[in-house]
Every structure is written in C-alpha cells, then in structure tokens.
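Be aware that the sequence shown starts at 234, since it is given in this note's numbering, and climbs by one per residue. Positions of the beta carbon are idealized from the N, C-alpha and C atoms, including for glycine. For reference, the structure is listed below as structure tokens.
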Amino acid sequence: MSETTTERLEVPFTIDGASYTALKGETVLEAALRNGYFIPHYCWHPSLSIAGNCRMCLVHTKPGPPKPQIACNTVVSEGMEVDASSEKTLTAREGILEFLLANHPLDCPICDQAGECDLQQYSFDHGRTTSKFSEIKTQRPRHDLGPRIRFNGNRCILCTRCVRFCDEVTGTGELTVVNRSDSAWIDVFPGVPLDNPLSGCTADLCPVGALLDSDWIHTTRVWLLRGTKSVCSGCATGCNVNVEAFDDSVKRMTPRENQPVNKWWMCDEGRDSHREATTDSRLNVARLDGQPVKHQDALEAALDLFSATPAAKIAYLTTGHATCEELHLLETITDGPGGVNYRPDGGAFETLDGFKLSADKNPNRAGVVAVLGDVDAGERVRKGIESGQIELVVVCDSQPGGANWDEGLVEALKGDVKAIVISLEDTWLAQTKQVAFPGLHAIEKDGTFVNQNGRLQRVRAAVSAPGDTRGELDVLQELGRSAGHFPRVLSAGGVFRRLAAASPDAFGGLTYRGLGAVGLPLAGAADQTPADKCQTYYNAGPVSRETRAQDEQTRVAVHRESPLGYGTVRGNV
Ligand code: SF4
Ligand code: SF4
Ligand code: FES
C-alpha cells in the first residue's frame with residue numbers, strides 16, 4: 234500500500250464522547266483542530282516540528298497512562314477516547330497556566346499583543362482567578378534581537394516557535410534559548426542579529442507579546458484595526474495579506490495563509506511596502522501643463538486631447554504594477570503600440586519549506602503577458618513618436634519610484650508628442666506633459682494581479698488615496714467613454730467582466746467575486762491549486778488573532794459626481 238493511501242486511512246476516535254475520525258498518523262491536536270474541536274496550545278504550529286514544551290494541550294486518553302498527555306505529540310489510535318474537558322483535564326491545564334503566569338508581568342494594559350494574545354485568551358478560558366505565587370518575579374532582558382524585532386523577556390513563555398522558525402523555515406538559525414529554567418530567555422548568537430528576510434514572521438508566530446515588530450509597537454490597539462484581505466504588491470510572489478488600518482491609515486500588513494502562494498508567511502520588505510503610498514514624492518493633485526488644477530479641469534483638457542486624436546495615433550505606456558483591469562482599458566482605448574516598463578530584479582530568498590520571495594519586483598508581470606501578450610519596453614512607441622505616427626501617449630505609471638523608461642524613449646517623450654499621464658509619483662512626465670492625474674497605490678485600489686505562478690488574485694482598497702485622487706480606472710474609462718468604448722464607468726469587477734469576455738483563453742470562466750480570498754489559477758498556470766486546498770485555516774499569528782478582514786466586504790463609496798451626472802462606485806461590487 235502506498236504511503237499516500239496509508240495516510241488517507243481514517244481512524245475512528247472520540248473526544249469527550251463525540252465521534253470523530255483522524256487520518257492515520259495524525260496527532261490528537263491535529264485531528265481535533267481539523268474536526269473543529271479546539272484544544273488550547275502554544276508551542277505547536279503546523280509549519281514547525283513538535284517541541285511539546287508548553288504543555289498547554291494536555292488531555293487524558295484511553296488507552297493511555299493515568300497522567301495527562303500532550304495532544305500535540307500523541308498519535309490517535311483506533312477507538313481512542315480523548316478526554317479534553319473533564320474536571321481533571323481542566324485542572325491540569327489550570328496548573329500549567331499557573332506556572333506560565335508565575336513570572337509573567339501584568340502587562341496587558343500596555344502590551345501590543347493585548348487583544349490577540351493566546352496567554353490572555355487561555356487565562357480567560359482556563360486560568361485560575363487567584364495566584365498562589367507571592368515570590369518576586371524573575372526579570373529577563375528586554376532588547377532588540379534585530380533591526381525590526383524587539384524581545385520582551387518577561388513576557389516569553391519559552392514555546393520556542395521563534396527558534397524553530399529560524400532553524401526550520403528560514404534556515405538562518407539566529408535564535409536560541411540561553412540559560413535554564415526560569416532564568417532562560419531567547420537570544421541571538423553573538424554578532425548575529427535576527428535579520429533574515431522573513432524576520433517579521435517571528436513576531437507573528439509568537440503567541441504572546443514577547444516578540445514585537447518594532448514598527449508596530451505602541452501604534453494602535455489591535456481591536457481598532459480594520460483589516461482588508463488583499464495581496465502584497467512588493468514582488469511577483471503575490472503574498473496574501475491583511476492590510477490592517479486605523480483612521481484610514483495602514484498600521485501594519487500581516488500574512489494570510491495561502492499554501493501554494495505564500496504558505497503562512499510574508500517577507501519584511503513586503504510588510505513595509507505600504508509606505509510607498511505615503512512618500513513625499515507622491516503626486517496628489519491633477520496638473521495641467523505642470524500647474525496644479527482641479528481634477529475636473531484636468532479631465533476636460535484630457536478629454537479634448539483624447540477626442541482630437543485618432544485612436545491609431547494614440548499609444549500607451551505602463552508598468553508591471555498596473556492591474557489587469559487597467560491594462561485591459563489601456564489596450565481598449567488606444568489603437569497605437571504599447572510599451573511596458575518593469576522594475577529591475579531585487580533580492581530573492583527561498584525558505585526550507587518552499588516559500589519563495591521573488592527576485593521579480595513586479596506584482597503583475599504575468600498579468601501583462603495574459604492581458605497584452607508580447608509587449609516591448611517602449612521601443613515601438615519610441616519609433617512611432619519619432620516617425621510622427623504617434624501624436625498622443627497615455628501613460629499609466631503606478632510603479633513606486635516611477636517607471637525607468639529607456640533613454641531613447643525619454644528623449645522622444647521630451648519632444649512635441651502630447652501625453653496624458655496617470656502617475657503614482659510626481660514624475661518629470663507628470664510635471665512637464667499636458668495633463669497629469671494622481672494614480673493609486675495597490676493598498677488604495679481594487680483590481681487583479683497575476684502572480685509568478687499564474688494565480689489570479691484580487692487586490693482590495695484598504696485605505697483612501699490622498700487628495701483628490703480618482704485613480705486609473707476612473708480616468709481611463711472617462712477617456713474611453715468619450716470615444717464611445719463604454720456606456721458608463723464601471724467598478725473593477727465590471728471591468729474584469731469585460732476583460733474575461735475579451736480574453737476568454739486566459740480569463741474565460743473566471744468571475745471577479747469567484748476569486749474570493751485566495752484567487753484562482755489562469756488556464757495553463759503552473760499553480761493549479763483549487764481554492765479549497767489553499768488553506769489549512771490555521772493563521773500565521775497567535776490562534777487568538779481573529780482575522781479582522783472580511784472577504785467580501787463592500788466598500789461602496791460614491792467617489793464623485795461627474796459633470797455628466799453619474800457617480801463612480803468604488804469597492805467590491
Ligand atoms: S519569544 Fe515568543 S515565540 Fe519565542 S519562545 Fe518566547 S513566547 Fe515563544
Ligand atoms: S515575498 Fe513578495 S509578495 Fe510576498 S510579502 Fe515579500 S514582497 Fe510581498
Ligand atoms: S502545544 Fe502541545 S505541548 Fe505545546
């Protein structure tokens with residue numbers, strides 16, 4: 234019998250008298266969680282080896298010894314009776330919590346983990362109301378383990394998740410346990426700071442407030458955050474993330490589980506990528522001949538320019554940061570050639586469990602190929618401008634830092650050719666060409682990206698854009714409407730519907746809403762994992778970290794009133 238067949242064999246057992254089945258070889262904890270029965274635990278995590286050191290998962294089993302067993306390291310046997318909530322089991326867990334709390338400070342009021350802390354949660358569920366401990370609590374160090382991770386030793390419960398993560402996932406091994414007993418703490422080896430590309434994941438994995446992302450310390454109480462399920466735009470991996478915001482400002486980005494894409498992880502660079510939306514170099518006002526103007530004035534000028542130019546004389550330029558919907562609109566409203574600029578490669582990293590931080594820093598390079606096919610870096614556009622065949626260029630540049638166009642193309646663009654620019658940054662093009670509109674960062678817009686393995690995923694607007702920014706979809710559809718391409722301005726979902734109809738080979742059969750939280754593969758994609766196999770439903774963070782993100786939350790906002798008397802709906806509709 235093959236191993237796979239053996240693993241699939243089901244083993245009947247009971248928890249507190251209720252019947253369940255375990256897969257052969259599964260532990261009591263794994264089988265219980267898979268069946269929706271929660272047994273508290275700290276040190277166990279599905280991505281890590283079993284340490285069995287926190288003892289929070291104690292249960293009694295029959296057959297088994299009279300003393301309690303740890304559910305995370307007890308394999309289910311046929312007919313096993315698990316007692317997970319009798320008085321003697323709960324008393325055992327109370328004892329464990331009493332030990333864990335013996336040296337733990339009463340930090341909850343100022344601890345950043347408060348509200349998503351497993352120690353806080355289990356104390357509420359299983360703890361004693363009084364403590365017999367009257368001795369002076371031990372003091373353990375509080376220091377930075379690396380550039381982004383702060384260690385508060387007094388809060389550590391020595392579950393060693395962080396140590397095993399660095400040993401078994403990143404393979405960088407920076408962390409270890411020093412000393413013994415209640416004098417033990419987590420530390421780095423001398424001269425080796427915790428500075429691997431995924432170091433922020435140690436703070437996610439820490440079930441208490443002992444490891445904190447220094448970027449997040451004392452920023453916002455977690456219960457005030459509003460999460461949006463989106464995708465990181467830092468590279469072609471397309472990690473699934475919760476963009477967590479308070480007061481319309483992103484406070485942190487944390488990973489969401491998607492096994493074929495990012496498992497439970499995200500890189501530190503991606504965590505910081507939301508900062509690209511708040512740089513001083515951002516364009517946040519429309520411009521007419523370089524001068525700031527109201528959006529409406531710029532739009533009227535753009536419409537005049539656009540309608541006065543034959544479609545065959547209009548080219549487009551864009552980047553690997555444009556969404557599939559923006560690419561589709563650009564291709565629809567222009568008949569001239571197009572060009573795409575990509576961000577240069579950056580650092581890559583692969584974990585021992587197969588998570589890949591891509592060297593390709595363009596979140597939608599595969600989407601460009603799927604929507605536009607073979608497009609060069611702007612060579613044909615340059616030739617068109619130089620030969621006089623192209624009179625107007627629509628530039629859609631949402632690349633942080635601005636696109637780095639080839640020298641020859643820059644020279645051509647500096648000439649008499651006209652341009653309508655939609656730009657995230659206040660680039661020289663936005664400052665010097667006829668009309669410019671501010672563009673949106675990925676944390677501010679709705680749409681889709683195709684990741685490096687061909688998975689089509691949704692980015693969702695988590696916060697508003699600065700100033701009077703309307704964004705790419707609005708402006709491009711306004712231009713297209715003036716040329717009779719569309720009867721009205723659609724949401725990202727509406728544009729996706731048009732895209733799926735126009736490109737059935739790649740997008741046929743897919744619906745915007747059907748992409749859900751984990752996306753779906755394009756036809757012929759390397760990653761063909763169906764949505765129901767993408768998640769184990771075990772979060773990267775502590776088990777008490779409720780995901781505050783709603784999959785299909787609707788953020789309908791009438792963004793403006795156009796002179797023609799219609800509003801643009803923005804959000805997941
Ligand atoms: S710092 Fe956190 S993750 Fe690391 S051992 Fe302590 S409690 Fe566990
Ligand atoms: S690996 Fe890429 S997509 Fe994932 S968090 Fe990092 S930058 Fe973002
Ligand atoms: S989860 Fe079982 S001993 Fe820690």
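From the DSSP output, read off the bridge partner residues of Glu583.
Lys589
Give a single yes or no on whether Cys439 has its beta carbon closer than 7 Å to a heavy atom of ligand 1.
yes
Contact belief for Asp340 with Gly442 at Cβ below 8 Å, rounded distance in angstroms
7 Å
According to DSSP, is Phe246 part of a helix, a strand, or is it coil?
strand
Which residues does DSSP list as the beta-bridge partners of Leu445?
Arg383
Same chain, Cβ closer than 6 Å to Arg615, neighbours up to 5 away in sequence not counted
Gly641, Leu642 and Ala645
Other residues of its chain near Gly579: CB distance less than 7 Å, five sequence neighbours each side excluded
Ala592 and Lys594
Here's a check: name, in chain order, each residue in its chain whose Cβ is nearer than 8 Å to the Cβ of Thr237, leaving out the five neighbours to either side.
Reliability fails at Thr237, whose pLDDT of 45 lies under 50, so the model's placement of it is uncertain and the value that follows must be treated cautiously. Cβ neighbours of Thr237 beyond the five flanking positions: none.
Would the C-beta of Gly285 count as close to ligand 3, meaning under 7 Å from any of its heavy atoms?
yes
State buried or exposed for Pro570, treating a residue as buried only when at least 16 other CB atoms are found within 10 Å of its CB.
buried
So Lys300 and Met313 are supposed to be a Cβ contact under 8 Å. How far apart are they, rounded?
The pair is not a contact, with the Cβ atoms about 16 Å apart (cut-off 8 Å).
Roughly how far, in whole angstroms, is the beta-carbon of Pro440 from the beta-carbon of Tyr275, given that I think they are within contact range, below 8 Å?
5 Å
What do you reckon, are the CB atoms on Pro273 and Cys290 nearer than 8 Å?
yes
Could you check what DSSP says for Trp418 in three-state terms: helix, strand or coil?
strand
Which residues mark the beginning and the end of the alpha helix (DSSP H) in which Val728 is found?
Ala725 to Ala735
I'd like the span of the alpha helix (DSSP H) that includes Gln768, first residue to last.
Here Gln768 belongs to no alpha helix (DSSP H), and DSSP marks it neither H nor E.
Quick one: is His451 buried, meaning 16 or more other Cβ sit within 10 Å of its Cβ, or exposed?
exposed
Measure the Cβ-Cβ separation of Asp446 and Gly433 and say whether it is below 8 Å.
yes
Where Asn517 falls, given that 16 or more other Cβ within 10 Å makes a residue buried:
exposed
Using C-beta distances below 7 Å, list every residue in its chain close to Tyr808, excluding the 5 sequence neighbours before and after it, in chain order.
Lying outside 234 to 806, the shown extent of the chain, residue 808 is not represented and no answer is given.
Is the region 350-367 touching the region 466-473, taking contact as three or more C-beta pairs under 8 Å?
no
Extent of the continuous beta strand (DSSP E) to which Arg224 belongs:
Any question about residue 224 goes unanswered here, given that the chain covers just 234 to 806.
Report yes if the CB atom of Arg746 is closer than 8 Å to the CB atom of Gly726, and no otherwise.
yes
DSSP state of Gln302, grouped into three classes?
strand
Exposed or buried, which one is Arg454 when buried takes at least 16 other CB atoms within 10 Å?
exposed
With burial defined as no fewer than 16 other Cβ atoms inside 10 Å of the residue's Cβ, what is the status of Pro245: buried or exposed?
exposed
Find out if the Cβ-Cβ distance for the pair Ile623, Ala548 is shorter than 8 Å.
yes
Taking only the alpha-carbon atoms, compute the straight-line gap between Ala756 and Ala694 and give it to the nearest angstrom.
26 Å
Within this structure, are the beta carbons of Gly553 and Pro596 separated by less than 8 Å?
yes
Straight-line gap, Ala663 to Gly713 (C-alpha atoms, nearest Å):
21 Å
Val696 beta carbon less than 8 Å from that of Val483
yes
Tyr870 versus Asp522, Val601, Leu457 and Glu311, residue with shortest Cα-Cα distance:
Not covered by the structure: residue 870. The range shown for the chain is 234 to 806.
Might you give, ordered along the chain, the residues of its own chain that have their beta carbon closer than 6 Å to the beta carbon of Lys370, omitting 5 neighbours on each side?
Asn336
Determine the closest residue to Gly379 out of Asn306, Pro720 and Ala436, with distance taken between C-alpha atoms.
Ala436
Grab the span of the beta strand (DSSP E) containing His293 for me, first residue to last.
Leu291 to Lys295
Return the chain-ordered list of same chain residues with a C-beta closer than 7 Å to the C-beta of Arg397, the five sequence neighbours on each side being excluded.
Leu281, Ser282 and Ala284
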